[in-house]
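Numbering (UniProt numbering), first residue to last: 1 to 293.
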């Protein structure tokens, strides 16, 4: 029954993702259509243009690129999309690996200097935009301390360090604060206090029960945070000269390259929508009482 429920849930969500992505593509085309400038296929009715654009985007069949006829749009995206995926997923993974322990530590050391320092750092991380932090990192490692880490390009582990740090710093702050609040609330629950009164050691109690239940509440913020990361990655890629989808979009929109713009938006939207499905599945992992379907 569990497998049947999971299959039914995935089928519903996949259909919802397809419909949502198609609507987003249609809206994006209308926005591009409203901008001044010549449009390919502008002699046809708007409804025909929108439907054709949605179909071509979903099937990733746009033919050659306007700016580079020798290379198809599908080939350009096949090279750029994995780079953007690695950048966003890597930064999100780093944010979770750092933010969860820091948030738990801040909750366990509540009202101490450790809690105050971690809260201040998390607020600072949230306050600095990813592109601003990227510029600061370029100044540090490109001007003041050159040669330690590369400041542009993509292809080696070293070249990925600074972009991932710039992109994950704000997320670390968000996750740290949410984890702290969730952990404090969990530690106040009656079953935690009862277990402590019975003499159960605090370390296994926190690791086996409090941390797991706190992650359930933290899961709520993962989806919106990932969506914010995808958007921020567009700017970070341009700052660090990374040949991802963000770099393609920076050239596609000014030149009104509609096919490349639409497909880029479509792929980034799919990343966010698929992450929402993963978040729903994580609810079931952390809380078996949650039912899918």
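Glycine included, every Cβ here is placed at the ideal spot set by N, Cα and C. It should be emphasised that the depicted structure is a prediction, and the values quoted were computed from it without experimental measurement.
Query                                                                                                               : Result
Ranges of the beta strand (DSSP E) found wholly within the stretch 231-264, counting only runs of at least 3        : none
Rounded C-alpha distance that separates residue 72 from residue 78                                                  : 10 angstroms
Buried versus exposed call for residue 134 [16 or more other C-beta atoms within 10 Å across all chains shown]      : buried
Minimum C-alpha distance to residue 74 - residue among 58, 89, 210                                                  : 58
Closer than 8 angstroms to chain E by CB, residue 119                                                               : Absent from the structure is chain E; it holds one protein chain and no more.
Nearest residue (CA-CA) to residue 13, options 212, 84, 279                                                         : 279
Nearest-angstrom Cα separation, counted from residue 163 out to residue 241                                         : 10 angstroms
Residue 207 classed as buried or exposed, judged by whether at least 16 other C-beta atoms fall within 10 angstroms : exposed
Contact belief for residue 167 with residue 227 at Cβ below 8 angstroms, rounded distance in angstroms              : With a Cβ gap of about 13 angstroms, residue 167 and residue 227 do not count as contacting.
Buried versus exposed call for residue 171 [16 or more other C-beta atoms within 10 Å across all chains shown]      : buried
Cβ contact check for the stretch 173-189 and the stretch 115-126: 3 or more pairs under 8 angstroms                 : yes
Contact under 8 angstroms by Cβ, residue 21 with residue 273                                                        : yes
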